[in-house]
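S.K.:
In the UniProt record's numbering, the protein residues as written are 1 to 262.
Below is the structure:
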(Lines of atoms letter the chains of each structure in order from A and count residues from 1; the text may use other names and numbers.)
(Lines give C-alpha, C1' and ligand atoms only; values in the text may rest on other atoms or scores of the structure.)
Protein backbone atom coordinates (compact mmCIF):
# COMPACT_ATOMS: atom_id res chain seq x y z
CA UNK A 1 0.00 0.00 0.00
CA UNK A 2 1.48 3.34 -1.08
CA UNK A 3 1.45 6.28 1.37
CA UNK A 4 -1.16 9.00 1.14
CA UNK A 5 -0.27 11.85 -1.16
CA UNK A 6 -1.82 15.29 -1.09
CA UNK A 7 -3.33 16.57 -4.30
CA UNK A 8 -1.93 19.92 -5.48
CA UNK A 9 -4.54 22.71 -5.26
CA UNK A 10 -4.84 24.79 -8.36
CA UNK A 11 -5.11 28.51 -7.99
CA UNK A 12 -8.66 29.52 -7.29
CA UNK A 13 -9.86 26.02 -6.43
CA UNK A 14 -10.74 24.47 -3.08
CA UNK A 15 -10.04 20.71 -3.68
CA UNK A 16 -10.10 18.45 -0.66
CA UNK A 17 -7.12 16.26 0.29
CA UNK A 18 -7.62 12.61 -0.65
CA UNK A 19 -5.64 9.39 -0.07
CA UNK A 20 -4.44 7.61 -3.20
CA UNK A 21 -4.65 3.83 -3.15
CA UNK A 22 -3.06 1.77 -5.95
CA UNK A 23 -4.44 -1.55 -7.03
CA UNK A 24 -2.57 -4.29 -8.92
CA UNK A 25 -4.18 -3.05 -12.11
CA UNK A 26 -2.15 0.12 -11.83
CA UNK A 27 1.06 -1.77 -12.77
CA UNK A 28 -0.15 -4.06 -15.52
CA UNK A 29 0.36 -1.79 -18.52
CA UNK A 30 3.82 -1.83 -20.14
CA UNK A 31 3.14 0.87 -22.69
CA UNK A 32 5.59 3.77 -22.82
CA UNK A 33 3.91 7.17 -22.59
CA UNK A 34 5.52 10.58 -22.23
CA UNK A 35 4.50 12.19 -18.96
CA UNK A 36 2.70 15.52 -19.33
CA UNK A 37 2.52 16.80 -15.77
CA UNK A 38 0.16 19.65 -16.66
CA UNK A 39 -2.50 17.18 -17.80
CA UNK A 40 -2.09 14.59 -15.01
CA UNK A 41 -3.33 14.56 -11.46
CA UNK A 42 -1.21 13.41 -8.54
CA UNK A 43 -2.50 9.84 -8.63
CA UNK A 44 -1.56 9.41 -12.27
CA UNK A 45 1.88 10.92 -11.69
CA UNK A 46 2.62 8.57 -8.81
CA UNK A 47 1.37 5.59 -10.84
CA UNK A 48 3.75 6.52 -13.63
CA UNK A 49 6.66 6.89 -11.21
CA UNK A 50 5.99 3.49 -9.63
CA UNK A 51 5.68 1.92 -13.06
CA UNK A 52 9.01 3.39 -14.17
CA UNK A 53 10.68 2.24 -10.95
CA UNK A 54 9.34 -1.27 -11.47
CA UNK A 55 10.73 -1.42 -14.98
CA UNK A 56 14.07 -0.08 -13.76
CA UNK A 57 14.27 -2.85 -11.15
CA UNK A 58 13.47 -5.42 -13.83
CA UNK A 59 16.24 -4.03 -16.02
CA UNK A 60 18.75 -4.23 -13.18
CA UNK A 61 17.76 -7.83 -12.50
CA UNK A 62 18.09 -8.72 -16.20
CA UNK A 63 21.53 -7.09 -16.39
CA UNK A 64 22.69 -9.01 -13.31
CA UNK A 65 21.44 -12.26 -14.82
CA UNK A 66 23.23 -11.50 -18.09
CA UNK A 67 26.46 -10.75 -16.23
CA UNK A 68 26.15 -14.05 -14.40
CA UNK A 69 25.52 -15.91 -17.66
CA UNK A 70 28.53 -14.26 -19.33
CA UNK A 71 30.72 -15.19 -16.38
CA UNK A 72 29.52 -18.80 -16.49
CA UNK A 73 30.14 -18.96 -20.24
CA UNK A 74 33.60 -17.50 -19.78
CA UNK A 75 34.42 -20.15 -17.18
CA UNK A 76 33.10 -22.88 -19.49
CA UNK A 77 35.22 -21.56 -22.37
CA UNK A 78 38.34 -21.49 -20.22
CA UNK A 79 37.67 -25.06 -19.11
CA UNK A 80 37.16 -26.20 -22.72
CA UNK A 81 40.37 -24.43 -23.79
CA UNK A 82 42.26 -26.22 -21.04
CA UNK A 83 40.83 -29.60 -22.05
CA UNK A 84 41.61 -28.88 -25.70
CA UNK A 85 45.20 -28.05 -24.82
CA UNK A 86 45.50 -31.30 -22.87
CA UNK A 87 44.11 -33.27 -25.82
CA UNK A 88 46.48 -31.57 -28.25
CA UNK A 89 49.42 -32.44 -26.02
CA UNK A 90 48.21 -36.02 -25.75
CA UNK A 91 47.74 -36.29 -29.52
CA UNK A 92 51.21 -34.87 -30.10
CA UNK A 93 52.72 -37.52 -27.83
CA UNK A 94 50.73 -40.28 -29.53
CA UNK A 95 51.80 -39.06 -32.96
CA UNK A 96 55.42 -39.05 -31.86
CA UNK A 97 55.10 -42.62 -30.61
CA UNK A 98 53.42 -43.74 -33.84
CA UNK A 99 56.15 -42.06 -35.89
CA UNK A 100 58.83 -43.78 -33.83
CA UNK A 101 57.18 -47.17 -34.27
CA UNK A 102 56.65 -46.52 -37.97
CA UNK A 103 60.30 -45.57 -38.39
CA UNK A 104 61.39 -48.67 -36.47
CA UNK A 105 59.31 -50.88 -38.75
CA UNK A 106 60.72 -49.05 -41.76
CA UNK A 107 64.26 -49.69 -40.53
CA UNK A 108 63.51 -53.40 -40.16
CA UNK A 109 62.03 -53.59 -43.65
CA UNK A 110 65.06 -51.85 -45.10
CA UNK A 111 67.58 -54.01 -43.23
CA UNK A 112 65.90 -57.11 -44.67
CA UNK A 113 66.74 -55.76 -48.13
CA UNK A 114 70.17 -54.41 -47.29
CA UNK A 115 72.23 -56.98 -49.26
CA UNK A 116 69.77 -57.23 -52.16
CA UNK A 117 69.98 -55.74 -55.62
CA UNK A 118 67.15 -55.06 -58.06
CA UNK A 119 67.66 -55.70 -61.76
CA UNK A 120 65.31 -53.96 -64.19
CA UNK A 121 65.09 -54.29 -67.95
CA UNK A 122 65.84 -57.99 -68.56
CA UNK A 123 63.36 -59.53 -70.98
CA UNK A 124 61.00 -62.03 -69.41
CA UNK A 125 60.71 -65.50 -71.00
CA UNK A 126 58.44 -68.42 -70.29
CA UNK A 127 60.15 -71.21 -68.32
CA UNK A 128 63.22 -69.08 -67.63
CA UNK A 129 65.75 -69.84 -64.91
CA UNK A 130 66.15 -66.48 -63.19
CA UNK A 131 69.31 -67.40 -61.26
CA UNK A 132 71.07 -68.49 -64.45
CA UNK A 133 70.03 -65.24 -66.14
CA UNK A 134 71.50 -63.21 -63.28
CA UNK A 135 74.68 -65.30 -63.22
CA UNK A 136 75.17 -64.67 -66.94
CA UNK A 137 74.61 -60.96 -66.34
CA UNK A 138 77.40 -61.07 -63.75
CA UNK A 139 79.74 -62.66 -66.28
CA UNK A 140 78.85 -59.97 -68.80
CA UNK A 141 79.83 -57.43 -66.14
CA UNK A 142 83.22 -59.19 -65.72
CA UNK A 143 82.44 -60.09 -62.10
CA UNK A 144 84.64 -63.01 -61.03
CA UNK A 145 82.80 -66.09 -59.72
CA UNK A 146 79.47 -64.27 -60.22
CA UNK A 147 77.27 -67.36 -59.90
CA UNK A 148 78.62 -68.09 -56.40
CA UNK A 149 77.76 -64.60 -55.16
CA UNK A 150 74.03 -65.16 -55.64
CA UNK A 151 71.99 -66.61 -52.78
CA UNK A 152 68.61 -66.46 -54.51
CA UNK A 153 67.00 -64.59 -57.40
CA UNK A 154 63.38 -64.23 -58.45
CA UNK A 155 61.06 -61.87 -60.25
CA UNK A 156 58.56 -59.81 -58.26
CA UNK A 157 55.08 -58.76 -59.41
CA UNK A 158 55.02 -55.34 -61.02
CA UNK A 159 52.65 -53.08 -62.92
CA UNK A 160 55.32 -52.65 -65.57
CA UNK A 161 56.98 -55.20 -67.83
CA UNK A 162 59.37 -56.85 -67.76
CA UNK A 163 59.03 -57.60 -64.04
CA UNK A 164 62.08 -56.63 -61.97
CA UNK A 165 64.39 -59.29 -60.56
CA UNK A 166 65.35 -59.20 -56.88
CA UNK A 167 68.70 -60.82 -56.14
CA UNK A 168 69.96 -61.63 -52.65
CA UNK A 169 73.74 -61.36 -52.61
CA UNK A 170 76.22 -62.83 -50.14
CA UNK A 171 76.79 -59.54 -48.33
CA UNK A 172 76.82 -55.78 -48.81
CA UNK A 173 80.31 -55.94 -50.32
CA UNK A 174 79.21 -58.17 -53.22
CA UNK A 175 76.13 -55.98 -53.60
CA UNK A 176 78.33 -52.92 -54.10
CA UNK A 177 80.51 -54.79 -56.61
CA UNK A 178 77.51 -55.55 -58.80
CA UNK A 179 76.06 -52.03 -58.58
CA UNK A 180 79.43 -50.45 -59.41
CA UNK A 181 80.08 -52.85 -62.28
CA UNK A 182 76.70 -52.04 -63.81
CA UNK A 183 77.51 -48.33 -63.71
CA UNK A 184 80.98 -48.80 -65.16
CA UNK A 185 79.68 -50.96 -67.99
CA UNK A 186 76.98 -48.42 -68.75
CA UNK A 187 74.20 -50.97 -68.93
CA UNK A 188 71.75 -48.12 -69.22
CA UNK A 189 72.49 -48.08 -72.92
CA UNK A 190 70.86 -51.51 -72.99
CA UNK A 191 68.14 -50.21 -70.67
CA UNK A 192 69.25 -52.60 -67.94
CA UNK A 193 69.52 -51.09 -64.46
CA UNK A 194 71.00 -52.52 -61.26
CA UNK A 195 70.24 -50.70 -58.02
CA UNK A 196 70.11 -51.27 -54.30
CA UNK A 197 66.85 -52.76 -53.07
CA UNK A 198 64.93 -50.02 -51.25
CA UNK A 199 61.87 -50.68 -49.12
CA UNK A 200 58.59 -49.41 -50.62
CA UNK A 201 58.49 -46.33 -48.42
CA UNK A 202 62.13 -45.45 -49.07
CA UNK A 203 61.73 -46.05 -52.79
CA UNK A 204 58.82 -43.60 -52.75
CA UNK A 205 61.00 -41.09 -50.91
CA UNK A 206 63.82 -41.65 -53.42
CA UNK A 207 61.51 -40.86 -56.34
CA UNK A 208 60.22 -37.73 -54.58
CA UNK A 209 63.77 -36.53 -53.92
CA UNK A 210 64.71 -37.06 -57.58
CA UNK A 211 61.71 -35.03 -58.72
CA UNK A 212 62.56 -32.29 -56.24
CA UNK A 213 66.20 -32.25 -57.36
CA UNK A 214 65.17 -31.88 -60.99
CA UNK A 215 62.88 -28.96 -60.20
CA UNK A 216 65.50 -27.26 -58.02
CA UNK A 217 68.54 -27.87 -60.23
CA UNK A 218 70.34 -30.37 -58.04
CA UNK A 219 72.57 -32.53 -60.20
CA UNK A 220 73.05 -35.78 -58.27
CA UNK A 221 70.72 -38.11 -56.35
CA UNK A 222 71.77 -41.70 -55.55
CA UNK A 223 71.71 -44.36 -52.85
CA UNK A 224 74.53 -45.78 -50.74
CA UNK A 225 73.89 -48.59 -48.28
CA UNK A 226 70.20 -48.02 -49.03
CA UNK A 227 70.46 -44.43 -47.85
CA UNK A 228 69.47 -41.56 -50.11
CA UNK A 229 72.25 -39.09 -50.92
CA UNK A 230 72.08 -35.80 -52.78
CA UNK A 231 74.60 -33.33 -54.14
CA UNK A 232 73.78 -30.07 -55.86
CA UNK A 233 76.86 -29.98 -58.10
CA UNK A 234 80.47 -31.15 -58.31
CA UNK A 235 81.64 -28.55 -55.79
CA UNK A 236 78.92 -28.93 -53.16
CA UNK A 237 78.79 -31.21 -50.14
CA UNK A 238 76.97 -34.54 -50.10
CA UNK A 239 73.76 -34.46 -48.11
CA UNK A 240 72.08 -37.47 -46.49
CA UNK A 241 68.30 -37.30 -47.00
CA UNK A 242 66.15 -38.98 -44.36
CA UNK A 243 62.91 -37.22 -45.28
CA UNK A 244 61.59 -34.44 -47.48
CA UNK A 245 62.00 -32.14 -44.45
CA UNK A 246 65.75 -32.29 -45.08
CA UNK A 247 65.25 -30.47 -48.38
CA UNK A 248 63.54 -27.38 -46.97
CA UNK A 249 66.86 -25.67 -46.21
CA UNK A 250 68.05 -26.09 -49.81
CA UNK A 251 65.19 -24.27 -51.49
CA UNK A 252 62.30 -21.95 -50.79
CA UNK A 253 60.02 -24.33 -52.65
CA UNK A 254 57.39 -26.13 -50.66
CA UNK A 255 58.19 -29.79 -50.04
CA UNK A 256 56.01 -32.74 -49.12
CA UNK A 257 56.67 -33.20 -45.40
CA UNK A 258 54.42 -36.25 -45.25
CA UNK A 259 56.93 -38.43 -47.08
CA UNK A 260 58.34 -41.37 -45.15
CA UNK A 261 61.45 -41.29 -43.04
CA UNK A 262 64.08 -43.99 -42.69
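Quick reminder that beta carbons are idealized off the backbone N, C-alpha and C, glycines included.
By how many angstroms is the C-alpha of residue 96 removed from the C-alpha of residue 135?
M.R.: Within the chain shown, residue 135 is the residue found at index 135, counting from 1. Within the chain shown, residue 96 is the residue found at index 96, counting from 1. Their Cα atoms are separated by approximately 45 Å.
S.K.: Across the segment 118 to 135 and the segment 152 to 167, are there enough close Cβ pairs to call them in contact, namely three or more that are closer than 8 Å?
M.R.: The segment 118 to 135 is in contact with the segment 152 to 167.
S.K.: To which residues of the same chain is residue 246 closer than 6 Å at the C-beta, ignoring the five residues directly before and after it?
M.R.: Counted from its first residue, the chain shown places residue 246 at position 246. Result list for residue 246: empty, nothing under 6 Å.
S.K.: Is the separation between the beta-carbon of residue 182 and that of residue 194 shorter than 8 Å?
M.R.: Here the question's residue 182 lines up with position 182 in the chain shown. Here the question's residue 194 lines up with position 194 in the chain shown. Yes, Cβ-Cβ distance for residue 182 and residue 194 is below 8 Å.
S.K.: Using the Cβ count rule (16 or more neighbours within 10 Å means buried), how would you classify residue 89?
M.R.: Translated into positions along the chain shown, residue 89 becomes position 89. Counting Cβ neighbours within 10 Å, residue 89 comes out exposed, since fewer than 16 surround it.
S.K.: With 16 as the cutoff for other CB atoms within 10 Å, does residue 235 come out buried or exposed?
M.R.: In the chain shown, counting from the first residue as 1, residue 235 sits at position 235. Label assigned to residue 235: exposed.
S.K.: To the nearest angstrom, how far is it from the Cα of residue 202 to the Cα of residue 217?
M.R.: Stepping through the chain shown from its first residue, residue 202 is reached at position 202. Stepping through the chain shown from its first residue, residue 217 is reached at position 217. Rounded to whole angstroms, residue 202 to residue 217 spans 22 Å at the Cα level.
S.K.: Considering residue 175, what are the terminal residues of the beta strand (DSSP E) in which it resides?
M.R.: Residue 175 sits at position 175 when you count from the first residue of the chain shown. Taken as a continuous stretch (DSSP letters only), residue 175 belongs to no beta strand (DSSP E), being part of the alpha helix (DSSP H) at 172 to 184.
S.K.: Between residue 192 and residue 121, is the Cβ-Cβ spacing less than 8 Å?
M.R.: To locate residue 192, count along the chain shown from 1; it is residue 192. To locate residue 121, count along the chain shown from 1; it is residue 121. Their beta carbons are under 8 Å apart, which means residue 192 touches residue 121 by this criterion.
S.K.: Report buried or exposed for residue 100, applying the criterion of at least 16 other Cβ atoms within 10 angstroms of its Cβ.
M.R.: For the purposes of this step, residue 100 is taken as residue 100 along the chain shown, with counting starting at 1. When all chains shown are included, residue 100 counts as exposed.
S.K.: Using a Cβ-Cβ cutoff of less than 6 Å, which residues in the same chain neighbour residue 32 once the five nearest sequence positions on both sides are dropped?
M.R.: As a first step, residue 32 must be located in the chain shown, where it is residue number 32. Only weak support is given to the placement of residue 32: the predicted model assigns it a pLDDT of 46, under 50, and the question is left unresolved by the model.
S.K.: State the Cα-Cα distance for the pair residue 149 and residue 118, rounded to the nearest angstrom.
M.R.: Counted from its first residue, the chain shown places residue 149 at position 149. Counted from its first residue, the chain shown places residue 118 at position 118. In a straight line, the C-alpha of residue 149 is about 15 Å away from that of residue 118.
S.K.: Can you tell which of 162, 106, 160 has its C-alpha closest to the C-alpha of residue 226?
M.R.: Here residue 226 corresponds to residue number 226 of the chain shown, with the count starting at 1. Residue 106 is the option with its Cα nearest to residue 226.
S.K.: How many Å lie between residue 62 and residue 92 at the Cα?
M.R.: Residue 62 sits at position 62 when you count from the first residue of the chain shown. Residue 92 sits at position 92 when you count from the first residue of the chain shown. So the alpha carbons of these two residues sit roughly 44 Å apart.
S.K.: Measure the C-alpha to C-alpha separation of residue 206 and residue 177 and round it to an integer number of angstroms.
M.R.: Counted from its first residue, the chain shown places residue 206 at position 206. Counted from its first residue, the chain shown places residue 177 at position 177. Cα to Cα, residue 206 sits roughly 21 Å from residue 177.
S.K.: In terms of residues, what are the limits of the alpha helix (DSSP H) holding residue 120?
M.R.: Here residue 120 corresponds to residue number 120 of the chain shown, with the count starting at 1. Element bounds for residue 120: not the alpha helix (DSSP H) but the beta strand (DSSP E), 116 to 120.
S.K.: Return yes when the Cβ of residue 167 is within less than 8 Å of the Cβ of residue 116, no when it is not.
M.R.: Residue numbering aside, residue 116 sits at position 116 when the chain shown is read from its first letter. Residue numbering aside, residue 167 sits at position 167 when the chain shown is read from its first letter. Yes, Cβ-Cβ distance for residue 116 and residue 167 is below 8 Å.
S.K.: In the structure shown, what three-state DSSP assignment does residue 263 receive?
M.R.: Outside the displayed span of the chain (1 to 262) sits residue 263, for which this structure offers no information.
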